[in-house]
Amino acid sequence: MKLLQVLALLLLGMVSSHKMNRGPPDPKASGAEEVGVTRDEPGAEEEDGETSPGPGGPGAGDECPRDEDVIPITVGREVNTSSFLLIIKPHNFDEAQRVCQKCVKGQLVSVHNFTFNERLEFSARGLNHNLIWIGGKARGLGLLGKFRWVDGTPWDFSFWAAGQPTIFGGRCLALNSQGGHWRRVFCCRKSPFFCSL
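Letter by letter, the sequence shown follows residues -17 to -1, 1 to 180 in mature numbering (1 follows the signal peptide of the UniProt record, and there is no 0).
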């Protein structure tokens, strides 16, 4: 059984390395346009600078990660298997989403049950960062704001830390690598992140 798991991880590592796109994307070759995270309120701005691009303009910090910055992870057994990557090089939330889309043709990961959340937490436990981006983002303002997954899947599970979510936190969702609980975090924070494949 362990041999099968090792072989699966090696195969996943080779596939994910193959899927990593090192150069700038060629929109003519793929026929697809880059999809960004959108806001529900037209022209809405946030005080924490979440919507403003960093130095160098949009996309400046979203180059594809090097192989040593990627940890491939498989969850499940044979038929019900899902794969994702832990990218350890910190990015802000929007950069992380673009890296997932551009480099691995995925999204920031959505979490739909406790078992998967626990696996994510276990995967990130050894990192030198407490908060890891997952794909939840608040839409709307204040107490009326609702969290949604950036991949469009239903919001059917949550694992908030005590006192969370607060109306004073950021709009983006991070998993705490010590306990797996979720926190609202300002999207401009640079953190490692999980991409789904």
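Beta carbons: idealized from backbone N, C-alpha and C, even for Gly.
For residue i, the residue or residues it bridges with in DSSP
i	result
glycine 119	Trp132
cysteine 178	Leu68 and Leu91
leucine 114	Asn159
valine 53	Ile70
Whole-number beta carbon distance between residue j and residue i, since they are thought to touch under 8 Å
i	j	result
serine 160	asparagine 113	6 Å
cysteine 170	glycine 152	Not quite, the Cβ-Cβ distance comes to about 10 Å (not below 8 Å), so this is no contact.
cysteine 178	leucine 110	Between leucine 110 and cysteine 178 the Cβ distance is about 15 Å, and since that is not below 8 Å, they are no contact.
isoleucine 70	valine 53	6 Å
serine 66	isoleucine 115	Not a contact, Cβ separation roughly 17 Å.
tryptophan 132	glycine 118	5 Å
phenylalanine 130	leucine 156	6 Å
phenylalanine 140	tryptophan 165	Not really, about 10 Å apart at Cβ, beyond 8 Å.
leucine 180	valine 87	6 Å
Neighbour-count burial assignment, residue i, 16 or more Cβ in a 10 Å radius
i	result
asparagine 75	buried
isoleucine 150	exposed
phenylalanine 105	exposed
glycine 135	exposed
alanine 107	buried
glycine 162	exposed
phenylalanine 176	buried
valine 168	buried
alanine 121	buried
proline 48	buried
glycine 39	Confidence is the limiting factor: at glycine 39 the pLDDT is only 41, short of 50, which leaves the residue's position unreliable, though a coordinate-based value still follows. By the 10 Å Cβ count, glycine 39 comes out exposed.
glycine 89	buried
proline 137	exposed
lysine 11	Confidence is the limiting factor: at lysine 11 the pLDDT is only 36, short of 50, which leaves the residue's position unreliable, though a coordinate-based value still follows. Its Cβ having fewer than 16 others within 10 Å, lysine 11 is exposed.
*Entirely within the region 130 to 175 and at least 3 residues each: give me those beta strand (DSSP E) ranges in chain order.*
List check, beta strand (DSSP E) in window: 155 to 159 and 165 to 168.
Assess, as a yes-or-no matter, whether the region 75 to 85 is touched by the region 99 to 107 under the definition of 3 or more beta carbon pairs within less than 8 Å.
-> By the C-beta criterion, the region 99 to 107 is judged not to be in contact with the region 75 to 85, since fewer than 3 inter-stretch pairs fall below 8 Å.
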